[in-house]
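Okay, so the sequence shown: first residue is 47 according to my numbering, each after it adds one. Idealized CB from N, CA, C, for every residue including glycine. Input: a single structure, listed below in structure tokens.
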Amino acid sequence: MKPEEEIGELLKAKNLSLSTAESCTGGGIAALITSVPGSSEYFNGGIVAYSNEIKKDLLHVSAETLAKYGAVSRETVIEMVKGAMKTLKTDCAVATSGIAGPGGGTPEKPVGTVWIAAAYKNDIVTMKQEGDRGRAGNVQSAIQNALSMLCDKLK
Numbered sequence: 047m048k049p050e051e052e053i054g055e056l057l058k059a060k061n062l063s064l065s066t067a068e069s070c071t072g073g074g075i076a077a078l079i080t081s082v083p084g085s086s087e088y089f090n091g092g093i094v095a096y097s098n099e100i101k102k103d104l105l106h107v108s109a110e111t112l113a114k115y116g117a118v119s120r121e122t123v124i125e126m127v128k129g130a131m132k133t134l135k136t137d138c139a140v141a142t143s144g145i146a147g148p149g150g151g152t153p154e155k156p157v158g159t160v161w162i163a164a165a166y167k168n169d170i171v172t173m174k175q176e177g178d179r180g181r182a183g184n185v186q187s188a189i190q191n192a193l194s195m196l197c198d199k200l201k
């Protein structure tokens with residue numbers, strides 16, 4: 047069973063709802079979730095928050111967090127995942143923010159750095175994905191890591 051199918055089964059079994067807050071993955075997580083027949087039973091929606099303005103306005107990421115830690119940080123994805131649950135009124139959410147490449151990296155945050163958060167109510171886990179697999183590879187790895195983290199959280 048694919049992760050997105052297993053997530054659907056777990057959400058249905060527990061009568062939970064899901065939302066996504068995606069930056070570098072550009073809606074890829076939401077696309078996989080909604081590829082599963084019947085996903086409208088548990089998926090409320092997703093926000094592709096590429097700009098910091100959208101992260102602030104729709105996901106309630108604080109300007110202070112963005113200024114202090116940057117968009118690609120553990121602190122930001124935690125606020126994104128909380129914001130997604132609040133804005134989209136869900137029990138669970140996943141969030142991604144990273145540097146897909148090929149440009150945009152810095153010595154502190156090289157290309158391929160992606161922060162991911164998965165939340166089930168107030169229980170939030172995060173991970174830092176590192177290593178440059180090329181733009182498509184970085185995005186695909188982040189999508190799979192996010193689905194895997196959410197699946198583990200729901201079990």
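Is residue i close to chain B? Criterion is C-beta to C-beta, closer than 8 Å.
i	result
LYS167	You won't find chain B in this structure, because it holds only one protein chain.
Starting from the Cα of residue i, find the closest Cα among the options and give me that residue.
i	options	result
GLY158	ALA165, VAL171, GLN175 and LEU57	GLN175
GLY180	CYS70, GLU50 and VAL140	CYS70
GLU154	ILE75, LEU78, ALA77 and TYR115	TYR115
LYS102	THR122, LEU200, GLU87 and TYR166	THR122
ALA165	LEU193, LYS201 and VAL127	VAL127
THR136	SER65, LEU56 and THR80	SER65
VAL94	GLU51, LYS48, LEU105 and SER86	LEU105
Evaluate residue i with the Cβ neighbour count: other Cβ atoms within 10 Å of its Cβ, from every protein chain shown; 16 or more gives buried, anything less gives exposed.
i	result
GLY84	exposed
GLU125	buried
ASN168	exposed
ASN191	buried
GLY54	buried
SER97	exposed
GLY74	buried
Run through DSSP, which three-state label would residue i get?
i	result
SER119	coil
THR142	strand
ASP169	strand
THR66	strand
ALA76	helix
ALA95	coil
LYS135	coil
ASN90	strand
Are the beta-carbon atoms of residue i and residue j separated by less than 8 Å?
i	j	result
VAL118	ILE145	yes
ILE133	GLU68	Note on residue identity: the sequence assigns Thr, not Ile, to residue 133. No; because the gap between Cβ atoms is not below 8 Å, this pair is not in contact.
THR172	TRP161	yes
Please report how far the alpha carbon of residue i lies from the alpha carbon of residue j, in whole angstroms.
i	j	result
ASP178	ILE189	15 Å
SER108	GLY129	10 Å
LEU196	SER187	14 Å
VAL185	GLY149	14 Å
LYS48	GLU110	38 Å
ASN90	GLY183	27 Å
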